[in-house]
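Some notes on the structure that comes next.
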Amino acid sequence: MIKVLIVDDDQRERIVLRYVLEQFSEIEIVGEAVHGLEALLFCQEKKIDLVFLDIGMPEMGGLETASKLKTLKEPPLFAFVTAKREMAVEAFELGALDYIIKPIEQNRLAKTIERAKYRMAHKDIIDQLVRNKLKERIDFMLERYKSHEVYANKLPIREKGKITLVPQENIIYCESQGKKVIICTKDETYASSYTLGELENRLDDIHFFRAHQAFIVNLNYIKEIINFGEGSYILKLDGCPKNIILSRSRAKVLRQRMGI
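In UniProt numbering, the protein residues as written are 1 to 260.
Structural data, given as structure tokens:
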């Protein structure tokens with residue numbers, strides 16, 4: 001059900017629009033407002049999916065109202081119903097769902113409602129994906145707590161009879177070299193007894209990425225991704241002269257992680 005608010009200072013126009021909207025079974029008219037300020041207050045108090053706005057209204061016109069609707073915590077969709085043909089460009093630049101010229105026709109309004117249904121369905125899908133990703137992240141963190149795999153934000157490195165606590169944000173990359181794993185930071189290079197698998201569990205997986213069988217990199221330091229041929233790449237890192245190999249199988253995952 002699409003929850004609708006009608007906003008128009010002309011009572012006769014509100015009556016006409018209400019009558020036409022009531023012909024659609026998927027529409028629930030939640031209320032009416034006579035100007036923009038009243039519409040904003042209404043949308044703050046109630047869940048509204050779609051607002052039908054007139055352009056010319058006292059106190060706050062339709063365009064200004066639409067602009068302010070977009071700033072709400074849960075902004076509704078909005079469509080203009082007006083006799084002013086010349087404001088369509090400004091309306092669509094604001095993100096209007098539609099721009100309907102009076103007098104209102106039921107067939108024309110049906111197209112607007114179909115657009116609203118499509119946009120709302122699309123938003124529901126996006127919201128569900130976000131919820132699923134958030135749940136996955138929470139479940140992952142809970143599992144790490146259960147298995148005692150959550151560590152302080154410093155990595156302990158044992159060498160030469162001492163333990164050095166290295167802040168994770170200072171680590172640029174880790175490289176497997178035979179029986180040792182080299183950990184390179186901004187200022188130092190350490191030879192550790194960790195395996196890369198152990199480091200994957202210890203390092204914050206939000207910022208660290210297994211780029212290759214032999215490399216873990218800090219995503220915050222990636223400066224360039226260079227095509228090396230046959231699906232392989234080289235990563236250039238800030239503050240680091242070493243070329244990091246990005247394997248073909250991990251390249252796609254990295255692009256998804258970084259949105260590229």
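Ideal Cβ positions, reconstructed from N, Cα and C, are used throughout, including at glycine.
Pairwise C-alpha distance: residue j and residue i
{"i": "residue 158", "j": "residue 256", "result": "35 Å"}
{"i": "residue 123", "j": "residue 76", "result": "11 Å"}
{"i": "residue 88", "j": "residue 214", "result": "57 Å"}
{"i": "residue 7", "j": "residue 106", "result": "18 Å"}
{"i": "residue 251", "j": "residue 228", "result": "12 Å"}
{"i": "residue 117", "j": "residue 62", "result": "22 Å"}
{"i": "residue 239", "j": "residue 219", "result": "13 Å"}
{"i": "residue 134", "j": "residue 206", "result": "13 Å"}
{"i": "residue 3", "j": "residue 92", "result": "22 Å"}
{"i": "residue 198", "j": "residue 65", "result": "56 Å"}
{"i": "residue 193", "j": "residue 232", "result": "28 Å"}
{"i": "residue 177", "j": "residue 131", "result": "40 Å"}
{"i": "residue 245", "j": "residue 184", "result": "15 Å"}
{"i": "residue 147", "j": "residue 155", "result": "Only weak support is given to the placement of residue 147: the predicted model assigns it a pLDDT of 49, under 50, and the question is left unresolved by the model."}
{"i": "residue 96", "j": "residue 49", "result": "13 Å"}
{"i": "residue 249", "j": "residue 161", "result": "39 Å"}
{"i": "residue 253", "j": "residue 217", "result": "13 Å"}
{"i": "residue 203", "j": "residue 37", "result": "51 Å"}
{"i": "residue 24", "j": "residue 259", "result": "40 Å"}
{"i": "residue 59", "j": "residue 100", "result": "22 Å"}
{"i": "residue 189", "j": "residue 163", "result": "14 Å"}
{"i": "residue 47", "j": "residue 186", "result": "51 Å"}
{"i": "residue 196", "j": "residue 125", "result": "37 Å"}
{"i": "residue 170", "j": "residue 179", "result": "23 Å"}
{"i": "residue 182", "j": "residue 129", "result": "38 Å"}
{"i": "residue 17", "j": "residue 11", "result": "10 Å"}
{"i": "residue 208", "j": "residue 175", "result": "13 Å"}
{"i": "residue 210", "j": "residue 90", "result": "48 Å"}
Residue interval of the beta strand (DSSP E) (run including residue i)
{"i": "residue 227", "result": "222-229"}
{"i": "residue 82", "result": "77-82"}
{"i": "residue 52", "result": "50-53"}
{"i": "residue 40", "result": "Careful: residue 40 lies outside any beta strand (DSSP E), inside the alpha helix (DSSP H) at 36-45."}
{"i": "residue 31", "result": "27-33"}
Cβ neighbours of residue i in the same chain (closer than 6 Å, five flanking residues each side left out)
{"i": "residue 34", "result": "9"}
{"i": "residue 236", "result": "223 and 224"}
{"i": "residue 109", "result": "20"}
{"i": "residue 14", "result": "6, 8 and 32"}
{"i": "residue 247", "result": "212"}
{"i": "residue 27", "result": "2, 4 and 21"}
Contact test: residue i Cβ vs the ligand ADP heavy atom, cutoff 6 Å
{"i": "residue 20", "result": "Of ligands this structure carries none, so the ligand ADP is not represented either."}
Endpoints, alpha helix (DSSP H) assigned at residue i
{"i": "residue 92", "result": "88-93"}
{"i": "residue 3", "result": "No alpha helix (DSSP H) holds residue 3; the beta strand (DSSP E) holding it covers 2-7."}
{"i": "residue 15", "result": "11-21"}
{"i": "residue 64", "result": "62-69"}
Cβ shell of residue i (< 7 Å), same chain only, five flanking positions each side left out
{"i": "residue 67", "result": "94"}
{"i": "residue 55", "result": "61, 62, 63, 80, 82, 84 and 87"}
{"i": "residue 173", "result": "184, 215, 216, 217, 218, 237, 240 and 244"}
{"i": "residue 226", "result": "233, 234 and 236"}
{"i": "residue 167", "result": "153 and 154"}
Proximal residues to residue i (C-beta, below 8 Å), its chain only, five neighbours per side dropped
{"i": "residue 72", "result": "40, 43 and 44"}
{"i": "residue 243", "result": "234, 235 and 236"}
{"i": "residue 69", "result": "39, 40, 43, 51, 75, 76 and 78"}
{"i": "residue 98", "result": "79, 80, 111, 112 and 115"}
{"i": "residue 120", "result": "2, 49 and 77"}
{"i": "residue 102", "result": "13, 81, 82 and 83"}
{"i": "residue 104", "result": "16, 17, 20 and 81"}
Paired residues, beta bridge with residue i - DSSP
{"i": "residue 99", "result": "80"}
Exercise for the section: Jot down the residue ranges of each uninterrupted beta strand (DSSP E) in the UniProt domain "HTH LytTR-type" (155-260), minimum 3 residues, whole runs only, in chain order. Expected result: Those beta strand (DSSP E) runs which fall completely within the UniProt domain "HTH LytTR-type" (155-260) and span 3+ residues are 162-167, 171-177, 180-185, 189-192, 208-212, 215-218, 222-229, 232-237 and 240-246.
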